[in-house]
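Numbering (our numbering), first residue to last: 36 to 306.
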């Protein structure tokens with residue numbers, strides 16, 4: 036149904052090998068590496084130690100957005116995690132009958148590898164809502180799916196199955212790239228979307244909505260919609276009682292915008 040191959044400047048991507056009808060479940064994967072609700076990235080050090088060699092190699096093969104500042108911060112974090120866990124391990128061995136046994140000082144490459152893992156997790160992890168058991172998670176193949184502001188697929192985590200399911204939100208032609216929206220859709224304009232993508236993931240989007248020429252009409256509609264939402268919010272703040280009719284009209288306008296842009300799925304269903 037799909038294959039992973041080069042996607043130009045974006046690196047690797049996921050492409051349809053054959054026609055995929057709307058509604059098709061394309062992926063259903065368990066997390067490769069995850070942190071639970073209430074945890075932070077400090078939990079990743081022990082979690083990565085539990086990975087099999089194949090899973091570890093799969094994780095390290097994912098791309099990462101790294102700047103000088105983020106690299107420095109993650110090296111510091113990695114050094115702290117590695118040294119802290121090594122000291123705790125030494126204390127545990129010293130309390131045992133065999134003393135320190137085969138305990139070793141942390142190796143430099145272990146710190147470097149964990150810094151790389153922090154960068155990979157930061158660049159590839161999907162965030163889930165508070166109702167999910169997971170706060171963030173990386174997946175072996177789903178994390179290869181690139182971003183588009185007008186995606187053709189959508190992901191939802193199934194807590195009972197413990198899997199992240201990806202479904203086609205429209206018909207996908209053979210040889211077409213599968214895409215997900217990395218950002219929460221709230222009608223943001225191109226400049227705001229590009230800035231967030233650049234800061235969080237290190238790339239600029241070239242989808243039809245972000246194209247300076249092709250995206251002009253959609254950008255105008257988004258500007259108009261944001262003005263409508265702003266007017267509605269200002270009016271609602273000044274009124275003592277809600278106006279259901281005006282709220283319904285505003286939401287319908289927003290739905291029309293999303294559908295006009297080719298956006299379907301959760302963003303429309305939850306309006």
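All residues carry an ideal CB built from backbone N, CA and C; glycine is no exception.
Just tell me which of 43, 158, 58, 284 has its CA closest to the CA of residue 204.
Position 169 of the chain shown holds residue 204. Looking at the Cα atoms, 58 is the closest of the given residues.
Reference residue 61; option with closest CA among 201, 260, 241, 243
Taking the first residue of the chain shown as 1, we reach residue 61 at position 26. The residue with the shortest Cα to Cα distance from residue 61 is 201.
Mind checking if residue 213 is an interface residue toward chain D, Cβ cutoff 9 Å exclusive?
Of the protein chains in this structure there is only one, and it is not chain D.
Run the CB neighbour count on residue 44, radius 10 Å, all protein chains shown included, and call it buried at 16 or more, exposed below.
Counting from 1 along the chain shown, the entry for residue 44 is found at position 9. Burial call: exposed.
Residue 49: buried (16+ other C-beta within 10 angstroms of its C-beta) or exposed?
The sequence position of residue 49 within the chain shown is 14, counting from 1. Counting the other Cβ atoms within 10 Å of the Cβ of residue 49 gives 16 or more, which makes it buried.
Backbone CA spacing between residue 158 and residue 181 [nearest angstrom]:
Indexing the chain shown from 1 puts residue 158 at position 123. Indexing the chain shown from 1 puts residue 181 at position 146. Residue 158 and residue 181 have their alpha carbons spaced roughly 12 Å apart.
With a threshold of 7 Å on Cβ separation, who are the neighbours of residue 250 within its own chain once the five nearest residues in sequence on each side are excluded?
One-based indexing of the chain shown puts residue 250 at position 215. Only 225, 243, 244 meet the Cβ criterion.
CB of residue 322 within 9 Å of CB of residue 175, strictly
What the structure shows of the chain is the stretch from 36 to 306, and residue 322 is not part of that stretch, so it cannot be assessed.
Cβ pair residue 255, residue 296 closer than 9 Å
Mapped onto the chain shown, residue 255 falls at position 220. Mapped onto the chain shown, residue 296 falls at position 261. No, Cβ-Cβ distance for residue 255 and residue 296 is not below 9 Å.
Residue nearest to residue 162 in terms of C-alpha spacing, selected from 268, 221, 68, 269
In the chain shown, counting from the first residue as 1, residue 162 sits at position 127. Answer by Cα proximity: 68.
Assigned exposure category for residue 188 - 16 Cβ within 10 Å defines buried:
As a working note, residue 188 is residue 153 in the chain shown. Its Cβ being crowded by 16 or more others within 10 Å, residue 188 is buried.
Nearest CA to the CA of residue 151: which residue from 36, 76, 240, 259?
Taking the first residue of the chain shown as 1, we reach residue 151 at position 116. Ranking the options by Cα distance to residue 151, first place goes to 76.
What three-state label does DSSP hand residue 45 in the structure shown?
On the chain shown, residue 45 is found 10 positions in, with the first residue counted as 1. In the structure shown, residue 45 sits in a helix (DSSP, three-state: H, G or I).
What distance in whole Å lies between the Cβ atoms of residue 95 and residue 179, which are believed to be in contact at a cut-off of 8 Å?
Within the chain shown, numbered from 1, the residue matching residue 179 stands at position 144. Within the chain shown, numbered from 1, the residue matching residue 95 stands at position 60. With 8 Å as the limit, residue 179 and residue 95 do not qualify as a contact, their Cβ atoms being about 14 Å apart.
Would you call the CB atoms of residue 79 and residue 149 closer than 9 Å?
In the chain shown, the residue the question calls residue 79 occupies position 44. In the chain shown, the residue the question calls residue 149 occupies position 114. With contacts defined as CB atoms closer than 9 Å, residue 79 and residue 149 qualify as a contacting pair.
Could you tell me the distance, in whole angstroms, from the CA atom of residue 21 to the CA atom of residue 65?
For the chain, the structure presents residues 36 to 306; residue 21 sits outside this window and is missing.
Along the chain, where does the alpha helix (DSSP H) that runs through residue 198 open and close?
Working through the chain shown from its first residue, we reach residue 198 at position 163. Taken as a continuous stretch (DSSP letters only), residue 198 belongs to no alpha helix (DSSP H), being part of the beta strand (DSSP E) at 198 to 203.
Sequence-distant residues of the same chain with beta carbon closer than 7 Å to residue 316, five excluded per side:
This structure does not reach residue 316, given that the chain is present from 36 up to 306, and the question cannot be answered.
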